[in-house]
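Q:
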Amino acid sequence: MDTPDRQLRSFLRIAELKSLSRAAEELDQTQSGLSRQLAALEAHLGKPLFIRTGRGVELTEAGRKLHDAIRGPYRAIDQAVDTIRESHGTTQGTVRLAIVHTVSYYFMADVVAAFVSSHPGVNLSLMGRSSPEVVSLVESGKADLGFVYDTAVDTATLTSHPLFEDEMCLVTRVDEVQNTGEDVDLQGRELRLVGFPPGYALRRMLQSAGLHPDYVAEAETVDAILKLVSTGVGECILPCRLPDKLLADYGLRKLRIRSPLLRRRIVAIGHGERHAMPLTGALLECALQVARALGPAGA
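Numbering-wise (this note's numbering), the sequence shown opens with residue -4 and increments by one.
#1: Mapping DSSP to helix, strand and coil, what is Phe110?
#2: Checking 8 Å against the spacing of the C-beta atoms, do Arg198 and Gly190 come in under that value?
#3: Assuming Leu274 contacts Val117 under a Cβ cut-off of 8 Å, what Cβ separation, rounded to an integer in Å, is found between them?
#4: Below 8 Å on the Cβ atoms is my contact criterion, and I expect Leu188 with Val211 to pass it. Report the Cβ-Cβ distance as a whole number of Å.
#5: When we look at the beta-carbon of Asp139 and count the other beta-carbons within 10 Å, is it buried (16 or more) or exposed?
#6: Do Leu278 and Thr167 have their C-beta atoms closer together than 8 Å?
#7: Just the Cα atoms here: how many angstroms apart are Thr152 and Arg258?
#8: Quick check: what's the CA-CA separation for Gln74 versus Leu12?
#9: Checking 8 Å against the spacing of the C-beta atoms, do Ile261 and Tyr100 come in under that value?
#10: Considering just the uninterrupted stretch of the alpha helix (DSSP H) at Thr275, what are its terminal residues?
#11: With burial defined as no fewer than 16 other Cβ atoms inside 10 Å of the residue's Cβ, what is the status of Gly183: buried or exposed?
#12: If you check the beta carbons only, do Arg66 and Leu7 fall under 8 Å apart?
#13: To the nearest angstrom, how far is the alpha carbon of Val285 from that of Tyr245?
#14: Would the C-beta of Ala204 count as close to the ligand MN, meaning under 7 Å from any of its heavy atoms?
#15: Quick one: measure Cβ to Cβ for Asp178 and Arg253, integer angstroms, because I've assumed they're closer than 8 Å.
#16: Pick from Cys235, Leu3, Arg1, Leu33: whose alpha carbon is nearest that of Ser16?
The structure is reproduced here in structure tokens:
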């Protein structure tokens, strides 16, 4: 049923995303159904609220007036509901967390353990993605919080909280270590790598550092990359924080990279224009506490 409240909330979502199709996807509605809601609201007001552009929709003068009038009150209502739920001890619900694949191997276990132990009734939904995909999920509202490389965050709509720094290392087979030593200089070295697909932050990092490796294979998960490296087709570059035991299971070990310095910061991101749920704030605090307990990158 298209109530006035639903129409107005749908209007706000369209205005924020500047797209009927994106708003319909996020609200889990059909585009035609959302268009009918908008048409009914415009008929009630007697004014068009949006004009179509080549890239989506823009607010008309009437649309801007309505947006400015109701945006604050609706945000205050949502905040009041969250505050009341929190004050009465409501700890049930779902928190959606998007993360870059690598942190699930050395950071997330401690974060999840800390959060779930203090919020046993909460469902924590984890989504492993590339850095650009994590940013997109948080921007669209499909994730409440994201852990991502800071180089991927270039939008003013997101808030960012530094977590820790990652330093990269070269991962190779154990039987190759005696030929290379305990650390390596990648400048001028012929690199045959197994890596993430183009667009991933780790791959862009190598390019920015002036490295131009020959990618012999690509995979989207750390386990798949390590499995390929264990067959001897090539090496890989991954964070130093990956557990030694994980690498040993594949007959691999890591070598420190002397040059160039490959270091990036992991940050937690949220949507700056939406009121965060109390549970999202609690998850962020758990992540910050775990990050503070980590040692320096490359240690």
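Quick reminder that beta carbons are idealized off the backbone N, C-alpha and C, glycines included.
A: Taking the coordinates as given:
#1: The answer is helix: DSSP assigns Phe110 an H, G or I state.
#2: In this structure, Gly190 lies closer than 8 Å to Arg198 by Cβ.
#3: Right, the Cβ-Cβ distance comes to about 6 Å (below 8 Å), so this counts as a contact.
#4: In this structure Leu188 touches Val211 by the C-beta definition: roughly 7 Å separates them, less than 8 Å.
#5: Under this definition Asp139 is a buried residue.
#6: Not in contact: Leu278 and Thr167 (Cβ atoms no closer than 8 Å).
#7: Thr152 and Arg258 have their C-alpha atoms roughly 25 Å apart.
#8: Note on geometry: alpha-carbon atoms of Gln74 and Leu12 lie some 21 Å from one another.
#9: No. Outside cutoff.
#10: Where Thr275 is concerned, the enclosing alpha helix (DSSP H) stretches over 273 to 288.
#11: That one is exposed.
#12: A contact, by the Cβ cut-off of 8 Å.
#13: Each residue's Cα considered, the two are about 27 Å apart.
#14: This structure lacks the ligand MN; in fact it carries no ligand of any kind.
#15: Taking C-beta atoms under 8 Å as the contact rule, Asp178 and Arg253 qualify, at a distance of about 5 Å.
#16: Looking only at Cys235, Leu3, Arg1, Leu33, the smallest Cα-Cα distance to Ser16 is reached by Leu33.
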